[in-house]
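Asker:
Residue numbers (the numbering used here), protein chains in the order written: chain H, 876 to 1142; chain E, 876 to 1142; chain U, 876 to 1142.
The structure is reproduced here in structure tokens:
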């Protein structure tokens, strides 16, 4: 892979200019952070989950973000209704398979969403994506490093099988549609030290997917934006609490110069 | 309208001295912020939604705040029970018609709440209040500016029709009972740049309504307090993330001098 | 009682080294704060409530934290399933009786949890614990000071009756198993000035209980850690908003020197 440059700022500007509505059905832990990151990047968050209104709400939106972090049966049913409505309108659907692999219920519901609705972008960390690929890390008896080594291969395989984009967040993030692959090397160890950065990454991907049809490109650009802002925020913070507040500040103030200078991406 | 001065501090002091309980049934996105803004202003927040306990909880409270942001069918039923209990006790009920106009379900449930319980204060932004007034902004083919121009008229009409106070939050906020009208010109563009300021405004109105029978006056005083604090917070912040934290700091530290000096209100 | 020193840091280091999973079924108000405090202290939070998965999730965990703050009927049923699963695995269960005494429903459900599952640590403030002890503060006609005076006695009685640890948070916190008693004198008046410190204290107790079998000791050490961090955070903050962010920073940075120097504990 070779180092490349993406014109991330043009997409960010398009978000700020057009303020797309990003409809979320997400977990109750980070729901504020997901809404607020969408707001401060310049888009318009909507969080709604009642089965009576999600189809109509999805039709008002420019993208849909699903996150199963605090799933229950009814919530997944609402997700399916929203996703099908989004599919009918033709807007992109992002699925964060938060916690996949932890319980059988979570795995079952993840696969139901993937089977019963059109998911355009699957996003997770290494172990979540491995599980969605059908891998059982524990029974294979491999250590984390081995799984990571093979992660690009696994992600590509999943992308081809599901005909979607796969985003794996880790130290180096992977974005692939099975043929085109980006690796984003931005970010900071402080990010996984707080709750919510993974969920916010999925939301930001939703915002970029709302303004750019090339969803591999949109997802890569989204991660660059989010992680460059995180690097800026770390410099201005004194620990994980202040880091999160500065992260909102830094995303709000992102400009072309910072994005061009700080991005670290390979393709 | 003429510039006037309100003795906002006397009400704020009454809140701090008597620590009224403000019962909320609110959305899952900003529920923490609503509780915390009530706490830092000196009152006592209670968030509870189980249909088995909301009537009893409302009887312990000095005001009730309803916010339909992440409504579902059961939640609205609990709201009705709480509101009827509040009506029986004679404590004020604030309804934030958060997202009204977005879906038919949201409109229907807003009208059910207004029809089946006594709502003392309806609060929303321009498009939400317009919808509750029965206006369909999109089909009328008018632009936002025209709607705003007519907003005082619409708010008065709604206040008279529903026999309640109507609060419209915008650059200039409107508070009216159909005859007496206040316009609050405090605030800052940073406020709508984050998620939660609208919801927190409704909570603060709930706190002021808990200590002052004149609900037009209470609502106006609440908005002055909240928005003066926001102006102070902007000066101490470096973006939307730090703004929100400083907002809590500034409300906590509000004093008579700041409130007298910075308020911008017309009647 | 005499001033003593606890080797709190050894337990904190064990948490950071082993990253135990702390499973929560908690309220929707402070759920982010509970998850994040667990993360920044170095443990691994899991928040999940679906009845289909809580038993399995509890089996993955090293401790379970229940908080009834925004209870409803179904949520309590999930708590029971999770607690019984935790009991079977032999991991400690912490119950925060948040809001006990406010409604009959809340009292009834608290007693159901205590009767139908093995609760290892009951945590509440003075009035909540008094109510769980069977006391009716209002009908007894005593003032708060008198109750507090008798609080160690009440807590010991409850600990013996329920065969568990009782934690009472107040200016001076009490931790007792009915015979061994610690009083923690750390903390700051800013703590009850924001929403969430009580809930976070229960979470931190869950993290310490995950790495130390002596649950009286674990609970006392947890409170020392949390309150020493709070004292540090107050010094670096300008009000309740910045205090909370600095609290996360300070817990993240806690070291042996600070803990040894600042702890104020009696036994």
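Yeah, the Cβ is synthetic: ideal placement off N, Cα and C, and Gly gets one too.
Remember, it's a predicted structure, so these values are computed and weren't measured experimentally.
Since I believe residue 962(U) is in contact with residue 992(U) (beta carbons under 8 Å), could you give me their beta-carbon distance rounded to a whole number of angstroms?
Answerer: 6 Å
Asker: Which residues in the same chain have their Cβ closer than 7 Å to the Cβ of residue 1077(U), if we skip the five residues on either side of it in sequence?
Answerer: 940, 942, 969, 971 and 998
Asker: Just to confirm the assignment, what range does the alpha helix (DSSP H) spanning residue 1036(H) have?
Answerer: 1026-1037
Asker: Would you list, in chain order, the members of the stretch 1097-1129 of chain E that have their beta-carbon closer than 7 Å to a beta-carbon of chain H?
Answerer: Flagged, chain order: 1113, 1114, 1115, 1116, 1117 and 1120.
Asker: For residue 904(U), which residues in chain E fall below 8 Å Cβ to Cβ?
Answerer: 906, 907, 910 and 922
Asker: Give the single residue among 1057(E), 1129(E), 965(E) and 1087(E) whose Cα lies nearest to the Cα of residue 879(E).
Answerer: 1057(E)
Asker: Less than 9 Å between CB atoms is the rule here; does residue 1070(U) satisfy it with respect to chain H?
Answerer: no
Asker: Pull up the distance between the alpha-carbon of residue 1087(U) and that of residue 1043(E), whole angstroms please.
Answerer: 54 Å
Asker: For residue 1141(H), which residues does DSSP report across the bridge?
Answerer: Residue 1141(H) pairs with 878(H) and 1058(H).
Asker: Return no unless some Cβ of chain E is closer than 9 Å to the Cβ of residue 1053(U).
Answerer: no
Asker: Using a Cβ-Cβ cutoff of less than 7 Å, which residues in the same chain neighbour residue 1122(U) once the five nearest sequence positions on both sides are dropped?
Answerer: 1104, 1105 and 1108
Asker: Consult DSSP for residue 883(U) and reduce its assignment to one of helix, strand or coil.
Answerer: helix
Asker: To which residues of the same chain is residue 1017(U) closer than 8 Å at the C-beta, ignoring the five residues directly before and after it?
Answerer: In this prediction, residue 1017(U) has a pLDDT of 48, which is less than 50 and means its spatial position is unreliable; what the coordinates show is noted afterwards. Beyond the five residues adjoining it in sequence on each side, residue 1017(U) comes within less than 8 Å, by CB distance, of no other residue in the same chain.
Asker: Within 10 angstroms of its Cβ, does residue 1117(U) collect 16 or more other Cβ (buried), or is it exposed?
Answerer: buried
Asker: Under three-state DSSP, which class holds residue 1044(H)?
Answerer: strand
Asker: Consider the Cβ of residue 939(E): report whether some Cβ of chain U lies at a distance smaller than 9 Å.
Answerer: no
Asker: Report the start-end ranges of each alpha helix (DSSP H) in the stretch 1059-1121 of chain E that is 4 residues or longer and not cut off at the edges.
Answerer: Within the stretch 1059-1121 of chain E, the alpha helix (DSSP H) runs of at least 4 residues that lie entirely inside it are, in chain order, 1072-1084 and 1090-1110.
Asker: The stretch 942-973 of chain E: which residues have C-beta closer than 8 Å to a C-beta of chain H, in chain order?
Answerer: Of all residues in the stretch 942-973 of chain E, 944, 945, 946, 947 and 948 have a Cβ within less than 8 Å of some Cβ in chain H.
Asker: Rounded to the nearest angstrom, how far is the Cβ of residue 1093(H) from that of residue 1083(H), given a contact under 8 Å?
Answerer: 4 Å
Asker: Cβ of residue 994(E) versus every heavy atom of the ligand GTP: is any distance shorter than 8 Å?
Answerer: Because no ligand of any kind appears in the structure shown, any question about the ligand GTP cannot be addressed here.
Asker: Hey, does residue 899(U) have any beta-carbon neighbour from chain E nearer than 9 Å?
Answerer: no
Asker: Going by beta carbon distance, what residues of the same chain come within less than 6 Å of residue 1112(U), once the five residues before and after it are set aside?
Answerer: 1118 and 1121
Asker: Is residue 831(U) helix, strand or coil when you go by DSSP?
Answerer: Residue 831(U) is absent from the model: chain U starts at 876 and stops at 1142.
Asker: Which of the residues in the stretch 976-995 of chain E, read from start to end, lie with their CB under 7 Å from any CB of chain U?
Answerer: none
Asker: What ranges does the beta strand (DSSP E) occupy inside the stretch 877-937 of chain H, keeping only unbroken runs of at least 3 residues that lie completely in it?
Answerer: 896-900 and 919-922
Asker: Counting only beta-carbon separations shorter than 9 Å, does residue 1016(H) have a partner in chain U?
Answerer: For residue 1016(H), the predicted model reports a pLDDT of 45, less than 50, meaning its position is unreliable; a value from the coordinates is still stated below. Closer than 9 Å: no.
Asker: Comparing the C-beta of residue 932(E) with each C-beta of chain U, is any distance below 9 Å?
Answerer: yes
Asker: To the nearest angstrom, report how far apart residue 1037(U) and residue 973(U) are at their CA atoms.
Answerer: 18 Å
Asker: Any C-beta of chain E sitting closer than 9 Å to the C-beta of residue 935(H)?
Answerer: Interface flag for residue 935(H) against chain E is set, since a Cβ pair is found closer than 9 Å.
Asker: Out of curiosity, what's the CA-to-CA distance linking residue 956(E) and residue 964(E)?
Answerer: 13 Å
Asker: Does residue 1015(E) pass the burial test, meaning 16 or more other C-beta atoms within 10 Å, or should it be called exposed?
Answerer: Its pLDDT being 45, under 50, residue 1015(E) is placed unreliably by the model, and the measurement read from it follows with that caveat. Residue 1015(E) is exposed by the Cβ-count criterion.
Asker: Using CA atoms only, rank isn't needed, just tell me which of 1006(E), 877(E) and 1065(E) is closest to residue 1032(E).
Answerer: 1006(E)
Asker: Quick one: grab the DSSP three-state call for residue 996(H).
Answerer: Note: residue 996(H) maps to strand in three-state DSSP.
Asker: So residue 981(H) packs on residue 946(H), CB below 8 Å; how close in whole Å?
Answerer: 7 Å
Asker: Helix or strand or just coil, what does DSSP make of residue 965(E)?
Answerer: coil
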